[in-house]
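Residue 70 in the numbering used here sits at position 86 of the sequence shown, with consecutive numbering throughout.
Virtual Cβ for every residue (Gly too), placed ideally from N, Cα, C.
For clarity, every value in this text was computed on a predicted model and none was experimentally measured.
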Amino acid sequence: MLAQTKECNDENKAAWYDTFLKNYKLDPPQQRLLTMRQLYLTSCPEDPADKIADFMKNKFVGPYEAMMAGTNLKKQFEEASNKRSMRMR
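Structure follows, in structure tokens:
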């Protein structure tokens, strides 16, 4: 169940992380990870002892953003290539 507020408390953190984990291994289009990660990381103050926040930042955010940047770059290349092909006809 998704927490209803953005209040940083143990119940909400557990709900956000639970949803994050359930979606973690799905294919990227099916993931709702960014929303859960964003709620968790923006609603709660930084805490160096928070292993969940550390995992989300270092094991998910970086690789996910790199993957999406590659996907976006590929998409931009394909669009430019298609536009060029259309002009050359």
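Q: Could you please give the first and the last residue of the uninterrupted alpha helix (DSSP H) stretch that includes F4?
A: D(-6) to Y8
Q. Quick one: what does DSSP say A33 is sitting in, helix, strand or coil?
A. coil
Q.
Under 8 Å: do the stretch 18 to 29 and the stretch -2 to 10 share three or more Cβ pairs, one atom per stretch?
A. yes
Q) Which whole-angstrom value is the C-beta distance of K43 and Y24, which I expect to be below 8 Å? A) With 8 Å as the limit, K43 and Y24 do not qualify as a contact, their Cβ atoms being about 13 Å apart.
Q. Taking the alpha-carbon positions, what's the P32 to D38 distance?
A. 8 Å
**Q.** Per-residue burial, M40 [other beta carbons within 10 Å of its own, 16 or more giving buried]
**A.** buried
(Q) With H, G and I counted as helix, E and B as strand and the rest as coil, what does DSSP make of E49? (A) helix
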